[in-house]
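In our numbering, the protein residues as written are 1 to 321.
The beta carbon of each residue, even a glycine, is placed where N, CA and C say it ideally should be.
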C-alpha cells in the first residue's frame, strides 16, 4: 500500500503561489497600486510623524484663536510643543470619536450584508451604487473648490469644506478602483505589477485626502479655540482670584490699584480683581474679573519685583496691604 505523507501544519499563507489568489479567492497581485503608493509615502513621512504634525497643527491653531479672542497673540506666551500637543488632545475627542464610530458602522454593515447576498446580487448592488457615489463625490469636490474660490459664504460651515474634499476624493477613488476591479475580473489573466501612472494616481489621492483633513482640522480648531475663549469669559466670576503685588507702578488701565503704605513694605502697589489665565514662557496672562471683549488683557513678565496671591472666588480683597 502506498502511503501519502501528511504535511505538517504551518503558517497559513495569505497568497496561493500557484494562482496568485488569496485564501478567499480574491485576486491581489504583488505590488498593487495602494501598497506601492503607501511605501512611497512612508519614505517621506512615517505615520507617526503625520499624526504628530496633525496634533501640533490643531493645538497651535486652537491656541492662536483662544488667545486671539482676548486680543493677545499666542506667540507672546512662548508656548512649547508639549503645550500645543496637550491642547490638541482635548479638542480632538469629538471628531476622533465620530470617525471611529463611522468606520465601525461601515465595517459591521459590510460584514452583515455581504454574506447574505450572492455574488451576482452583490455585483448588481455595486453597479447601482457606483454612479451614485461618483456623482456625490464630484458634487462634494465642486463644493470644496467653490469654498476655496469664495470662502466668505462658508465661514459658518465649520470644517465642512475640508471634509467635502476628503470624502469626495475617497468616493471617486473607490468608484475608480471598483470599475478597475470589475474590468480586470473579466480578463483571463491579470498583469503583474502596476504602471507608474497608477501609483501616481493613488499618491495624489492620499495627498488630497490629507490636505482635506488638515483643512477640516484647521477650521475646527479655530472654532474650538474661540469657543474655549467664550467659555472662559463666561466663567471668570467663578474662578480663583489673583492679586498682583509689584514694587513699581504697572499702570494697568481698568484694574483697581492700592498704594501700599509703610516704609517696610516690600511691594508698593497692589492690583486686585484679576484672574490668572496661564503662566507660560516667563509671563503671566491675567484678565480682569469683569473683562469684556472691549477691555484690555494683562501680560506681565515673571520677575522678583512681582508677587501673586490667589483667593477663592467671590473673596473681597482687604482694604489695605
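Worksheet item: When the Cα atoms are used, what is the spatial distance from residue 309 to residue 265?
Response: One-based indexing of the chain shown puts residue 309 at position 309. One-based indexing of the chain shown puts residue 265 at position 265. Computed Cα separation, rounded: 16 Å.
Practice prompt. Figure out for me which residue from 154, 297, 248 and 320 has the closest Cα to the Cα of residue 67.
Written response: On the chain shown, residue 67 is found 67 positions in, with the first residue counted as 1. Comparing Cα positions, the closest option is 297.
Discussion item. Suppose you measure from the CA of residue 344 to the CA of residue 90; what does that come to, to the nearest Å?
Written reply: As shown, the chain starts at 1 and ends at 321. That puts residue 344 outside it, with no answer to give.
Worksheet item: Hey, residue 212 and residue 162: beta-carbon distance below 7 Å or not?
Response: Position 212 of the chain shown, counting from 1, holds the residue named residue 212. Position 162 of the chain shown, counting from 1, holds the residue named residue 162. Against a cut-off of 7 Å, the Cβ pair of residue 162 and residue 212 comes out as a contact.
Practice prompt. In the DSSP assignment, find the unbroken beta strand (DSSP E) run with residue 270 in it and report its ends.
Written response: Here residue 270 is taken as the residue at index 270 of the chain shown, counted from 1. Residues 269 to 280.
Worksheet item: Is it right to say residue 28 is buried, meaning 16 or more other beta carbons lie within 10 angstroms of its own, or is it exposed?
Response: Position 28 of the chain shown, counted from the first residue, corresponds to residue 28. A caution first: residue 28 carries a pLDDT of 43, below 50, which makes its placement in the model unreliable, though a value can still be read off. Residue 28 should be labelled exposed.
Item to complete: Name the residue from 78, 70 and 59 whose alpha carbon lies nearest to the alpha carbon of residue 301.
Response: In the chain shown, residue 301 corresponds to position 301, counting from 1. It is 78 whose Cα lies nearest to the Cα of residue 301.
Item to complete: Look at the alpha carbon of residue 291 and the alpha carbon of residue 237, and state the distance between them as a whole number of angstroms.
Response: Reading the chain shown from its first residue, position 291 is the one you call residue 291. Reading the chain shown from its first residue, position 237 is the one you call residue 237. When rounded, the distance between both Cα atoms is 10 Å.
Fill in: Same chain, Cβ closer than 8 Å to residue 248, five either side skipped, listed in chain order
The residue you call residue 248 lines up with position 248 of the chain shown. Cβ within range, chain order: 268, 269 and 305.
Worksheet item: Can at least three beta-carbon pairs, one atom from the region 57 to 64 and one from the region 275 to 288, be found at a separation below 8 Å?
Response: Result no; under three Cβ-Cβ pairs closer than 8 Å.
Worksheet entry | As assigned by DSSP and simplified to three states, the class of residue 106 | Here residue 106 corresponds to residue number 106 of the chain shown, with the count starting at 1. Looking at residue 106 - three-state DSSP - the assignment turns out to be helix.
Worksheet item: When the Cα of residue 242 is compared with those of 231, 152, 234 and 256, which residue comes out closest?
Response: Your numbering for residue 242 matches position 242 in the chain shown. Nearest of 231, 152, 234 and 256 to residue 242, Cα basis: 256.
Item to complete: Give me the Cβ distance between residue 138 and residue 172, rounded to the nearest whole Å; I'm assuming they're in contact under 8 Å.
Response: On the chain shown, position 138 is the one that residue 138 refers to. On the chain shown, position 172 is the one that residue 172 refers to. At roughly 7 Å, the Cβ-Cβ gap stays under 8 Å, so residue 138 and residue 172 are in contact.
Worksheet item: Using the beta-carbon count (16 or more within 10 Å), is residue 88 buried or exposed?
Response: Looking up residue 88 in the chain shown gives position 88. Residue 88 is buried by the Cβ-count criterion.
Worksheet item: Would you say the region 206 to 221 touches the region 149 to 166, given that touching needs at least three Cβ pairs under 8 Å?
Response: As far as the Cβ criterion goes, the region 206 to 221 touches the region 149 to 166, which means the pair count is three or higher.
Worksheet entry | Same chain, Cβ closer than 7 Å to residue 288, neighbours up to 5 away in sequence not counted | In the chain shown, counting from the first residue as 1, residue 288 sits at position 288. Closer than 7 Å at the Cβ level, and outside the excluded window around residue 288, lie 254, 255, 273, 274 and 295.
Item to complete: Within the same chain, show all residues whose beta-carbon is closer than 7 Å to that of residue 226, passing over the 5 residues directly before and after it, in chain order.
Response: The residue labelled residue 226 in the question sits at position 226 within the chain shown. Excluding sequence neighbours, residue 226 sits near 65 and 69.
Discussion item. In the DSSP output, what is residue 330 paired with across the bridge?
Written reply: Residue 330 is absent from the model: the chain starts at 1 and stops at 321.
Discussion item. So for residue 13, helix, strand or coil by DSSP?
Written reply: To locate residue 13, count along the chain shown from 1; it is residue 13. Unreliable placement is indicated for residue 13, whose pLDDT of 41 sits below 50; no coordinate value is reported for it.
Worksheet item: Using the C-alpha atoms, what's the distance from residue 74 back to residue 196?
Response: The residue you call residue 196 lines up with position 196 of the chain shown. The residue you call residue 74 lines up with position 74 of the chain shown. Cα to Cα, the separation comes out at about 45 Å.
Worksheet entry | Any non-hydrogen atom of the ligand GTP closer than 6 Å to residue 241 Cβ | The ligand GTP is not part of the structure shown, which contains no ligands of any sort.
Worksheet item: For residue 271 versus residue 244, is the C-beta distance shorter than 7 Å?
Response: For the purposes of this step, residue 271 is identified with residue 271 of the chain shown, where counting begins at 1. For the purposes of this step, residue 244 is identified with residue 244 of the chain shown, where counting begins at 1. Against a cut-off of 7 Å, the Cβ pair of residue 244 and residue 271 comes out as a contact.
Discussion item. Distance check for residue 98 and residue 86, CA to CA, integer angstroms please.
Written reply: Looking up residue 86 in the chain shown gives position 86. Looking up residue 98 in the chain shown gives position 98. Distance between the alpha carbons of residue 86 and residue 98 is about 20 Å.
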